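K.L.:
This structure is in structure tokens; I'll ask about it shortly.
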Amino acid sequence: MGKRGPAPRPSKILKLIGSRQAGKRTELPSSGRAPKMPTWLDREAKAEWKRITERLQGIGILDEVDRGALSAYCLTWSQFYRAVKTVRKEGETFKTPAGYIQQHPAVAIINASRQALLKFYGQFGLSPSGRVGLGNKEENLRDPLSDFNSRKANG
141 MGKRGPAPRP
151 SKILKLIGSR
161 QAGKRTELPS
171 SGRAPKMPTW
181 LDREAKAEWK
191 RITERLQGIG
201 ILDEVDRGAL
211 SAYCLTWSQF
221 YRAVKTVRKE
231 GETFKTPAGY
241 IQQHPAVAII
251 NASRQALLKF
261 YGQFGLSPSG
271 RVGLGNKEEN
281 LRDPLSDFNS
291 RKANG
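Right, dumping it as structure tokens:
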């Protein structure tokens, strides 16, 4: 049986929203590096990878160990995208050789991938409710030492 209640938010997200719980969680230290995109992703999955990693890296919640989960998300997105295109082209139903009207198999793929995507959205903060409170506070995650060194180097 799984854990009850909503999944815990990462400390960096808690820090962005100003939660007092931010420093109280024990998490694996983050390398701060984005994972490398797998070469075996299809074109649509690669496009989604590029789109989403830039955003997640910007708020500092992406790490190299997230490669598997991010790959699964991008593949699920690609599957959803292809199924939607198929349904738009061929319709939601079809007539069987016996004359019955039946749901197109791509509709089931859309429904299953949509459910999986909703779970991924919650894990990566990709839904509107996952972003509540983040606003433009992304600057809170900047390393002050890096900012100081860059200002010092620029004069």
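When we follow the working numbering, the leftmost residue of the sequence shown carries the number 141, and every step to the right adds one. Glycine residues also receive a C-beta, built at the ideal position from the N, C-alpha and C atoms. Bear in mind the structure is a predicted one, so any value in this text is a computation, not a measurement.
1) Please state whether the Cβ-Cβ distance between Ser218 and Leu181 is less than 9 Å.
2) Looking at the structure shown, is Lys190 part of a helix, part of a strand, or coil, going by DSSP?
3) Residue range of the alpha helix (DSSP H) that Thr236 falls in?
4) CA-CA distance, Asn251 and Phe264?
5) How would you call Pro237, buried or exposed, if buried means at least 16 neighbouring beta carbons within 10 angstroms?
6) Taking Ile250 as part of the alpha helix (DSSP H), name the residues at either end of that continuous run.
P.N.:
Judging by the given coordinates:
1) yes
2) helix
3) Neither: Thr236 is in no alpha helix (DSSP H) and is coded neither H nor E.
4) 20 Å
5) exposed
6) 245 to 264
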